[in-house]
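Down below is the structure, laid out as structure tokens.
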Amino acid sequence: MKMNKYTRAAFLLGLCLAAGKMQAQTPAHTIDYYIAHAPFKMPAITAPTFAGKVFNIKDYGAVGDGQTLNTSAFEKAISACNAAGGGTVLIPSGLWLTGPIELKSNVNLHAERGALITFSTDHSIYPIVEGKTKTLLSGNKLENVAVTGDGVFDGGGDTWRPLKKTKASPSLWADMQKHGHVVSKDGSMLWPTQEAMDGEAYLKTLKGKANLTPQDYLPARDFLRPTMVSITNSKNVLFDGPTFKNSPQFALNPKNCTDMIIRNVTIFNEYWAQNGDAIDLSSCKNAIVFNCTVHAGDDGICMKSSGTPKDGEAALKNIIIADCVVYHAHGGFVVGSNTDGGMQNVYVTNCNYVNTDVGIRIKSSRGRGGLVHDIYIDNIYMHNILNEAVLFSTYYEDDGPGGDSGKTFEVNAKTPRFQDFHISNVYCSGAHNAISIVGLPEMPVSKLYFENMIISADKPVDMSQAADISLKNVKVLSPEKTLFSLNNTSNLKIDHMEFGDNIHTFISLKGEKSSGISVANTRMEGISAPVEAGDGAKKDGVVIK
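Count the sequence shown with mature numbering (1 follows the signal peptide of the UniProt record, and there is no 0) and you get residues -24 to -1, 1 to 521, in order.
As structure tokens, this is what we get:
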């Protein structure tokens, strides 16, 4: 959006607040500091330690010339380190070409500054495992494992990913075609190969067939893009220092990990990188992500949770995200869209989101949802957000709040439920929408608490199918004449709301469920229509004190 007077004022205020906060902070926070300041009881997390032995990949035949394939040398060094009881596998300065790398317990894979690890663009060296292409850097059922150092890992993702025309400049589109990319029949997409373009259709022919082997999936190998880095079903995991770039799809995607630290990590994917998520935690517990910098083609730092909660306990629980910067991404901090495993106790603090599509993005939909609750977000500073500064939506990749979505469906275990979110001290200079909340007729988004926020945006606040919402000391600056657009929203409390002098209507109310709305300690001078009601709503559903 343009830097109008509202945007400039909020931006300058945000800078002042951010500067004041930085002056008050210590130079660097420790893990214990973050745990002590979490708004819930966070278990202690200790970084893994390793034996003093060092296993240099050069001693196992690796050659850092960018031409020699070093897959075997990596495997030998990691196996030797593990067999010796653990230690550090050292990747010295150099250009190291490799195929898939698989980690083992008690191994610290350490890439020195100057080490550039490039994953081969020869897709044939990546095996098919359970119908998927093997992850580039992986490990399963490990304990005490780390990837550290200031080296750079390049996933060769541009040889795997399709490219949407809507995301490409004319020069990029033309350049990709010169390098052999294939245009889809409708002209909307470029694919790296014909095999990649035909892969989805081929996989449909395999549905319903029994006893499939890896060989059966080979014709779709180029379509089956691998994750770049994924440690699964593991304990005591550390990522500290490296840069991961150019991933085929998700960059860093730990799954079912407990006691995990991700710090000082940089993720860089171009904005056009299809499914180029940066950091996705899937069903992890007791994890902290801090001092990370992200530039993503999809979600920035995202929480995912799939499966059925065991004994009613959320699959993703006790997570801290702190002192991170997210540049371009579909969302700065994201929940979903897979939330059916449940989420509880997530704390996001002191982060910057710049030029992201959405700032705080909470998303799910029918069939992939679950209970997400006790989420705390504070001290967030955002600038130039393309769409919503804050978004709650249970219609992700669905038909939206109109059309069929007006129907009420039966509530089941996979109905998305967002509740008990505490969002405070959020400052945003420039967004299209300030706050947007869209729930389901059968399951409103509920128990959201907003406090101490300043947002400048083209459009202010809209809510549909929402209940038990509180806004206290919130300031929204927008050129629109209506401040709140509410549809089937109940039990909304507004206290000390601030806004510009251009507001004509304070609340536009629709829907027969809209009731129990109270406004306190908020000026109404100069507002010609404090409440407008229609479509089944009544003006007495709002009480202005």
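The C-beta atom is built at its ideal place from N, Cα and C for all residues, glycine as well.
For residue i, the three-state DSSP class (helix, strand or coil)
| i | result |
| --- | --- |
| residue 425 | strand |
| residue 1 | Annotation note: pLDDT 45 at residue 1 (below 50); position unreliable, no value reported. |
| residue 245 | coil |
| residue 396 | strand |
| residue 85 | strand |
| residue 98 | coil |
| residue 146 | helix |
| residue 473 | coil |
| residue 21 | coil |
| residue -20 | For residue -20, the predicted structure reports a pLDDT of 43, less than 50, and the residue's modelled location is therefore unreliable. The matter cannot be settled from this model. |
| residue 126 | coil |
| residue 189 | coil |
| residue 140 | strand |
| residue 35 | helix |
| residue 537 | The requested residue 537 is not part of the displayed model; the chain covers only -24 to 521. |
| residue 42 | strand |
| residue 135 | helix |
| residue 151 | helix |
Test item: CB-CB of residue i and residue j under 8 Å
| i | j | result |
| --- | --- | --- |
| residue 430 | residue 451 | yes |
| residue 412 | residue 354 | no |
| residue 138 | residue 171 | no |
| residue 254 | residue 270 | yes |
| residue 332 | residue 307 | yes |
| residue 74 | residue 116 | no |
| residue 507 | residue 470 | no |
| residue 275 | residue 298 | no |
| residue 130 | residue 93 | yes |
| residue 124 | residue 214 | yes |
| residue 121 | residue 207 | yes |
| residue 389 | residue 409 | no |
| residue 76 | residue 91 | no |
| residue 461 | residue 491 | no |
| residue 513 | residue 487 | yes |
| residue 435 | residue 454 | yes |
| residue 243 | residue 228 | yes |
| residue 192 | residue 175 | no |
| residue 302 | residue 219 | no |
Inter-residue CB distance, residue i and residue j (contact presumed, cutoff 8 Å)
| i | j | result |
| --- | --- | --- |
| residue 80 | residue 113 | Their Cβ separation, rounded to whole angstroms, is 12 Å, which puts residue 80 and residue 113 out of contact at 8 Å. |
| residue 335 | residue 404 | 6 Å |
| residue 224 | residue 133 | 4 Å |
| residue 370 | residue 341 | 6 Å |
| residue 310 | residue 358 | Going by Cβ atoms, the distance from residue 310 to residue 358 rounds to 14 Å, so no, they are not a contact pair. |
| residue 157 | residue 168 | 6 Å |
| residue 316 | residue 259 | No, residue 316 and residue 259 are not in contact; Cβ-Cβ is about 10 Å, not under 8 Å. |
| residue 326 | residue 294 | Incorrect: roughly 18 Å between the Cβ atoms, too far for contact. |
| residue 82 | residue 61 | 7 Å |
| residue 251 | residue 221 | With a Cβ gap of about 15 Å, residue 251 and residue 221 do not count as contacting. |
Residue i burial status per 10 Å Cβ neighbour count (16 or more: buried)
| i | result |
| --- | --- |
| residue 504 | exposed |
| residue 441 | buried |
| residue 375 | Low local confidence applies: a pLDDT of 44 at residue 375 is under 50, so the model's placement there is unreliable, with the coordinate-based value given in what follows. Label assigned to residue 375: exposed. |
| residue 518 | buried |
| residue 63 | buried |
| residue 393 | buried |
| residue 500 | exposed |
| residue 239 | buried |
| residue 43 | exposed |
| residue 16 | exposed |
| residue 364 | buried |
| residue -4 | At residue -4 the pLDDT is 43, less than 50, meaning the model places this residue with poor confidence; the figure from the coordinates comes in the next sentence. Residue -4 should be labelled exposed. |
| residue 339 | buried |
| residue 387 | exposed |
| residue 87 | buried |
| residue 510 | exposed |
Start-to-end residues for the alpha helix (DSSP H) that takes in residue i
| i | result |
| --- | --- |
| residue 278 | No alpha helix (DSSP H) contains residue 278, which is instead part of the beta strand (DSSP E) from 275 to 280. |
| residue 419 | Careful: residue 419 lies outside any alpha helix (DSSP H) and carries neither H nor E. |
| residue 521 | First-last for residue 521: undefined, no H or E at that position. |
| residue 173 | 170 to 182 |
| residue 352 | Where residue 352 is concerned, there is no enclosing alpha helix (DSSP H), although the beta strand (DSSP E) it sits in stretches over 347 to 359. |
| residue 263 | Residue 263 -> not in any alpha helix (DSSP H); beta strand (DSSP E) instead, spanning 261 to 266. |
| residue 11 | 7 to 12 |
Limits of the beta strand (DSSP E) - the one that residue i falls within
| i | result |
| --- | --- |
| residue 166 | 165 to 167 |
| residue 544 | There is no way to answer for residue 544, as the model of the chain reaches only from -24 to 521. |
| residue 48 | Unbroken run through residue 48 is the alpha helix (DSSP H), 47 to 59; no beta strand (DSSP E). |
| residue 198 | Element bounds for residue 198: n/a, residue is neither H nor E. |
| residue 339 | 336 to 339 |
| residue 160 | Careful: residue 160 lies outside any beta strand (DSSP E) and carries neither H nor E. |
| residue 228 | Segment: none, residue 228 is in no beta strand (DSSP E) and carries neither H nor E. |
| residue 221 | 219 to 221 |
beta-carbon residue i near the ligand ADP non-hydrogen atom, thresh 7 Å
| i | result |
| --- | --- |
| residue 268 | The ligand ADP is absent from the structure shown, which contains no ligands of any kind. |
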